[in-house]
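Residues 1 to 314 in the UniProt record's numbering are what the sequence shown spells out, letter by letter.
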Amino acid sequence: MMLYTPFKPMEPVMASGVPPASDLLYQVKWDGVRMLAHVGHGKIMLHNRKLRQRTGHYPELSRLGQLLQGEAILDGEIVALKDGRPSFPLILERDLIGGSGEPDPGKVRQRARQIPVFYMVFDLIYHNGRDLTALPLYQRQALLAEILPKDEAVQTVENFADGEALFAAVSENKMEGIVAKEPSSLYQRGKKNAAWKKIKVRQRQLVAIGGYTVKDGQINALLAGAYHQGQLIYVGRVATGLSGQDIRELTPFLKETLQTAPPFVNASPARDKAWVEPRLVALIDFQEWTEDLRMRQPVIKGFTKDRPEDCVLQ
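The following block contains the structure:
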């Protein structure tokens, strides 16, 4: 392992419930952007799990060069808060500046004032020329605690002993989930390993229906959107949970509200799609947001009397 050479991080596997083992440690799964930070010689480099450079996106994290003495590679999540909770749509406003190219420094500074970020560090995998991936997690964490001082914007992720209680707390606070880790686990770069397990809280989102898809002459899925910064953005196609009775009852209403233009600002091409005025509101249960702000594994839980403008990204 070499400092300033990007690599893919270790990933947890999905678990359906909280593992009951008494010797595991449990951490909050922060809903942000996974980020590795290389620090040393008065320089920092940030890159994400796809090996894309992100140093210019988060200039406030240059403070890592002052916080840490010597060389280090940290692993963690960069998060942005909305109403005291991590917001994935909000952190994407920072992370996607500039698209696939270099971000505009002026826009980065503006967004940094509007959307402060926090780096939640949970692992140390290199220190002063030493590759720590062959050390057990509890030793890496002990060394991390020694070298990373307390700071408002850069924080060490806390360990908890009671996984069920932690999962109940993050569920109540509508956070993403938790991660269960074996204290003896080694760090396996670029691999998923069952020594780390993620347990997700299913999320919910009100959406405005702005279209539908058709198969064999019948509606088979709804096209959902939510408002972000005053614009209706497309967040996914939803079919699971849409019953035959729903289709029969909704078809006349949706056909009455047909329009030629898509209501979404980021609509994809209209093949096999019909656009409608976004009057109908549905409650969607889904696993998580993808990096392009789509709902993963969405399920329709029902239709509501909420106003379309109440469908705001959480």
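Glycine included, every Cβ here is placed at the ideal spot set by N, Cα and C. Note that the structure is a prediction, hence the values are computed from the model and not measured.
When DSSP labels each residue in this structure, what does K301 get in the three-state scheme?
strand
What three-state label does DSSP hand R307 in the structure shown?
coil
In terms of alpha-carbon separation, which member of V179, I219, R113 and L67 lies closest to E146?
L67
Name the residue from M120, G163 and H47 whose alpha carbon lies nearest to the alpha carbon of P19.
G163
Within the chosen definition, does the region 276-290 reach the region 210-217 through at least 3 CB pairs nearer than 8 Å?
yes
Could you tell me how far apart the beta carbons of I73 and H38 are, in whole angstroms, since I believe they sit closer than 8 Å?
5 Å
Between which residues of its own chain and G70 is the CB-CB distance below 6 Å, once the five residues before and five after are set aside?
N128
On the three-state DSSP scale, how would you describe residue 363?
Because residue 363 is not part of the residues shown, which for the chain are 1 to 314, the question remains open.
Opposite Y4 in the DSSP bridges: which residues?
In DSSP, Y4 forms no bridge with anything.
Along the chain, where does the alpha helix (DSSP H) containing K255 start, and where does it finish?
G244 to E256
Span of the alpha helix (DSSP H), counted from its first residue to its last, around F167
G163 to E172
Backbone CA spacing between K8 and L46 [nearest angstrom]:
12 Å
Of all the beta strand (DSSP E) runs that stay within the bounds of the UniProt domain "ATP-dependent DNA ligase family profile" (110-237), which reach a length of 3 or more residues?
118-127, 154-156, 177-181, 192-200, 203-215 and 218-228
Measuring straight from C-alpha to C-alpha, what distance separates D246 and K174?
29 Å
Proximity to N186 [Cα-Cα], best of L124, Q297 and I219
Just to set this straight, residue 186 is Leu in the shown sequence, not Asn. Nearest option by C-alpha distance: L124.
Between the alpha carbons of Q110 and L232, how many angstroms are there, rounded?
23 Å
Mind the definition here: the region 85-97 touches the region 53-65 only if three or more C-beta pairs lie below 8 Å; say whether that holds.
yes
Rounded C-alpha distance that separates G190 from V13:
13 Å
Hey, how far is the Cα of T304 from the Cα of A15?
31 Å
Less than 7 Å between C-beta atoms, sequence neighbours within five positions excluded: which residues of the same chain meet that for R237?
T213, A221 and L223
Using the Cα positions of F122 and E11, report the straight-line distance between them to the nearest angstrom.
13 Å
Comparing alpha-carbon positions, which option in S268, D151, N266 and K273 lies nearest residue 323?
The question about residue 323 has no answer here: the residues shown for the chain are numbered 1 through 314.
For H228, is the classification buried or exposed, using 16 other Cβ atoms within 10 angstroms of its Cβ as the cut-off for buried?
buried
Can you list, in chain order, the residues of its chain with a C-beta nearer than 6 Å to that of K192? Leave out the 5 residues immediately preceding and following it.
E11 and V13
In chain order, what residues of the same chain lie with their CB nearer than 8 Å to the CB of K200, ignoring the 5 residues before and after it?
M14, K29, E176, G177, Q287 and E288
According to DSSP, what are the bridge partners of W289?
M295
Is it the case that the Cβ atoms of L92 and L293 are separated by a distance below 8 Å?
yes
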